[in-house]
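Participant: Residue numbers (the numbering used here): 2 to 487.
Glycine residues also receive a C-beta, built at the ideal position from the N, C-alpha and C atoms.
The structure displayed is predicted, hence computed values, not measured ones.
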Amino acid sequence: MPVTPDLTQPKPMLIGGEWVRTTDATFESINPATGALNFRICAADDSLVDHAVGSAWAAVRNPVWRDQLPHQRAAMLRRIADGIDASAEKMARLQMLENGKVWAECKAQVASASATFRYFAAVCETVSGEVTPSRGNYLSMTKYEPYGVVAAITPWNSPMTMEAQKVAPALAAGNAVILKPSEVTSSTALELGRIALEAGLAPGILNVLTGLGTTVGKRLVEHPGVRMVSFTGGTATGRVIAHIAAEKLIPVALELGGKSPHVVFADADQEAAIDGVIGGIFEGSGQSCVAGSRLYVQKSIAQSFVEKLVSRASRLRIALPDSQGAQMGPIATFAHRSRIEAMVDSARAEGCEVLLGGHRPDHESLAAGAYYLPTILAGLKPDARVVREEIFGPVLCVLEFEDEDDLVQQANDSVYGLAAGIWTADYKRAWRVASRLEAGTVWINTYKQLSISSSFGGFKESGIGREKGVSGLRLYQQAKSIYFGM
Ligand code: NDP
2 MPVTPDLTQP KPMLIGGEWV RTTDATFESI NPATGALNFR ICAADDSLVD HAVGSAWAAV
62 RNPVWRDQLP HQRAAMLRRI ADGIDASAEK MARLQMLENG KVWAECKAQV ASASATFRYF
122 AAVCETVSGE VTPSRGNYLS MTKYEPYGVV AAITPWNSPM TMEAQKVAPA LAAGNAVILK
182 PSEVTSSTAL ELGRIALEAG LAPGILNVLT GLGTTVGKRL VEHPGVRMVS FTGGTATGRV
242 IAHIAAEKLI PVALELGGKS PHVVFADADQ EAAIDGVIGG IFEGSGQSCV AGSRLYVQKS
302 IAQSFVEKLV SRASRLRIAL PDSQGAQMGP IATFAHRSRI EAMVDSARAE GCEVLLGGHR
362 PDHESLAAGA YYLPTILAGL KPDARVVREE IFGPVLCVLE FEDEDDLVQQ ANDSVYGLAA
422 GIWTADYKRA WRVASRLEAG TVWINTYKQL SISSSFGGFK ESGIGREKGV SGLRLYQQAK
482 SIYFGM
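1) To the nearest angstrom, how far is the alpha carbon of ALA82 from that of ALA247?
2) Going by DSSP in three states, ASN138 sits in which element: helix, strand or coil?
3) Measure the CB-CB distance between VAL132 and VAL61 and report whether it falls below 8 Å.
4) Could you tell me which of PRO182, VAL416, PHE335 and SER286 sits nearest to THR215, measuring between CA atoms?
5) Pairing CB atoms from the region 363–370 with CB atoms from the region 389–400, are three or more of them under 8 Å?
6) In whole angstroms, what separates the C-alpha of GLU256 from that of LEU207?
7) Tell me whether GLY418 sits in a helix, a strand or coil according to DSSP, three-state version.
8) State yes or no: is the C-beta of THR238 nearer than 7 Å to some heavy atom of the ligand NDP?
9) Between ALA153 and VAL178, which are expected to be in contact by the criterion C-beta below 8 Å, what is the C-beta distance as a whole number of angstroms?
10) Whole angstroms are fine: how far does the CA of ARG318 sit from the CA of GLY326?
11) Could you tell me the boundaries of the beta strand (DSSP E) in which ALA31 lies?
12) When DSSP labels each residue in this structure, what does LYS481 get in the three-state scheme?
13) Under 8 Å, with one C-beta from each stretch per pair, do the region 218–230 and the region 139–150 reach the 3-pair mark?
14) On the DSSP bridge list, what partners appear for ASN208?
15) Taking all protein chains shown into account, do 16 or more other C-beta atoms lie within 10 angstroms of the C-beta of THR143, making it buried, or fewer, making it exposed?
16) Are the region 370–383 and the region 402–409 in contact at 8 Å, needing three or more beta carbon pairs?
17) So within the region 295–363, which uninterrupted beta strand (DSSP E) runs reach at least 3 residues, ignoring any that extend past its ends?
18) Going by the beta-carbon positions, is the gap between PRO262 and ALA421 smaller than 8 Å?
19) Have a look at VAL4 and ALA336 and give me their C-alpha separation to the nearest angstrom.
20) Across which residues does DSSP place ALA153 in a beta bridge pair?
21) Taking 8 Å as the cut-off, decide whether the C-beta atoms of GLY18 and PRO252 are in contact.
22) Assign ILE279 to one of two classes, buried (16 or more other C-beta atoms within 10 Å of its C-beta) or exposed (fewer than that).
23) Would you say the beta carbon of SER113 is closer than 7 Å to some non-hydrogen atom of the ligand NDP?
24) Along the chain, where does the alpha helix (DSSP H) that runs through GLU256 open and close?
25) Which same chain residues end up closer than 7 Å to ALA412 when comparing Cβ atoms and leaving out the 5 residues on each side of it in sequence?
26) Using only the alpha-carbon positions, how far apart do GLY84 and ARG74 sit?
27) Return the chain-ordered ranges of every beta strand (DSSP E) run that is complete within the region 394–467 and spans a minimum of 3 residues.
28) Going along the chain, which residues of its own chain have a beta-carbon closer than 7 Å to the beta-carbon of GLY281, five neighbours each way excluded?
29) When you measure from the CB of ILE154 to every non-hydrogen atom of the ligand NDP, does any distance come out below 7 Å?
30) Could you tell me whether the Cβ atoms of THR425 and ASP268 are closer together than 8 Å?
31) Among the residues of its own chain, which have a CB less than 8 Å from the CB of GLY201, if the five just before and after it don't count?
32) Check VAL132 in the structure and name its three-state DSSP category.
What follows is the structure, encoded as structure tokens:
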């Protein structure tokens, strides 16, 4: 019988349906809202990575899983979704303790995770293979098969949604999964493992390996038994993983960083645009891959628009994440806050103007946490470090543009291409500019709307491959063509 993790001891990891403890190798989960210790968590070593890969292969070859029909796998995914819904409060609380996101956002992310399992259940039992046009006396068809064992590696900013986004389609496709969550947010992944086991998922089909990325994550990607890697995280890590995958000749899906342009034309509904820009950068304390971190305002309205924006942003409520009406919680870790501070210092050194924030809040109740004020920077050169590099924090860079051509040139002058936003009353211009921007997602007169039924991924150094949508299932399958002689 699986043992329920005990919060008074280091949390064990899930391998082959068993909760496995390490005796000495553990690491800490810290609450960024208060600096308090949340949990201690067991860290895997190389032998546990081997054990997880071996268990996953045994499980995926077992007829109990291998012979399940799509509608049966779909029923399993729906049971997991039910389990997530039943544990919604607990999962939301675990995420809030570990990454400090405000309560309303944590709740919404749990709901999104269960909806993702339901979506891929529907895809799993309705998507079909193809009977292909015959060029002779045969019947030819293409069917889609799982890779076998897939590694899913996730970041700390939105762990539940990212984990659901990878685990649900990978299971729907018939694989076994080894999930390696960020060391900052292990608990929701462990909870997902418990829910899947209790829903009746065969032992070894979902394994959760906890530990550090540079050891456990790297070893997992290198392991000869891992046939596909699905990764969300920073571009530098993505590049390391892509190199290993190239050596092994295995497919990878990489959802990486961004530096998304958020564009306001002079004819935009300015009130709506201000709300969109503020939500686009400050929600989740800016720790979002699609954060609209480069604001481009048309010159003719720039001064008045930015004044209103600064005034509105200065009223954001930064508070303990479970306090009533909190709009921004802490940064997810103290180390990450230091990185954000260093980036803002670099902008100061390059002569920028700090229009808002640029330091920690001085309120006593927030002194022990990793808080950082909403920050707006202006007077930046296009090659300033804060304009070019992802900060992944509540820092907005304000830039100006003359016309469409100038805007497109500036907005596309980035190694990233994850998302973009456009505010304008002219739908023809919206279409023209959206078509010219190099980004995997473009929002027009809205920002950060995301649907599991639309594909998601990046242009340029923001990634390779597309998750979500019906084709999100195919990411975890390989095509096989079969010919019947007639
Ligand atoms: P990292 O790239 O540092 O880490 C992501 C995951 O990879 C973590 O689980 C980490 O483990 C693991 N990892 C680290 N090094 C290795 C390695 N050498 N081999 C295998 N795994 C490794 O990113 P962050 O967690 O800091 O997340 C923030 C980044 O994620 C941002 O750049 C952001 O833009 C990006 N992101 C992209 C999204 C997208 O969809 N495009 C969505 C959300 C975030 P550990 O934590 O233990 O180090």
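Facilitator: By the coordinates alone:
1) Cα-Cα distance, rounded: 35 Å.
2) Coil.
3) No, the Cβ-Cβ distance between VAL132 and VAL61 is not below 8 Å.
4) It is PRO182 whose Cα lies nearest to the Cα of THR215.
5) Result no; under three Cβ-Cβ pairs closer than 8 Å.
6) For the pair GLU256 and LEU207, the Cα-to-Cα distance works out to about 21 Å.
7) If DSSP states are grouped into helix, strand and coil, GLY418 belongs with the strands.
8) Taking the Cβ of THR238 as the reference point, at least one heavy atom of the ligand NDP falls within a distance shorter than 7 Å.
9) The pair is a contact, with the Cβ atoms about 6 Å apart (cut-off 8 Å).
10) Whole-angstrom Cα-Cα distance: 7 Å.
11) Correcting the residue identity first, residue 31 is Ile in this sequence and not Ala. Residues 27–31.
12) Here LYS481 sits in strand by DSSP.
13) The way I'd put it, the region 218–230 does touch the region 139–150; three or more beta-carbon pairs between them come closer than 8 Å.
14) ASN208 is bridged by DSSP to ILE179.
15) With fewer than 16 other Cβ atoms within 10 Å, it is exposed.
16) Contact between the region 370–383 and the region 402–409 is absent, because fewer than three Cβ pairs lie under 8 Å.
17) Correct list: 295–299 and 354–357.
18) By the CB criterion at 8 Å, PRO262 and ALA421 fall inside the cutoff.
19) In this prediction, VAL4 scores a pLDDT of 36, lower than 50, which makes its location untrustworthy; the coordinate-derived value is nonetheless stated afterwards. VAL4 and ALA336 have their C-alpha atoms roughly 33 Å apart.
20) Answer is LEU180 and SER231.
21) No, these two residues do not count as a Cβ contact at 8 Å.
22) Counting Cβ neighbours within 10 Å, ILE279 comes out buried, since at least 16 surround it.
23) With a cut-off of 7 Å, the C-beta of SER113 is classified as distant from the ligand NDP, since no heavy atom of the ligand falls inside that distance.
24) Following the DSSP letters along the chain, one finds GLU256 in no alpha helix (DSSP H) but inside the beta strand (DSSP E) bounded by residues 253–256.
25) Correct list, in chain order: PRO262, VAL264, TYR297, ALA421 and LEU438.
26) Cα-Cα distance, rounded: 15 Å.
27) For the beta strand (DSSP E) assignment, the uninterrupted runs of no fewer than 3 residues enclosed by the region 394–467 are, from N- to C-terminal side, 396–402, 420–424 and 442–445.
28) Excluding residues within five positions, the ones whose Cβ falls inside 7 Å are HIS263, ALA292, GLY293, GLY422, TYR448 and LYS449.
29) Yes, since a heavy atom of the ligand NDP falls inside the 7 Å radius drawn around the Cβ of ILE154.
30) Yes; because the gap between Cβ atoms is below 8 Å, this pair is in contact.
31) Closer than 8 Å at the Cβ level, and outside the excluded window around GLY201, lie MET77 and ARG80.
32) Reduced to three states, the DSSP call for VAL132 is strand.
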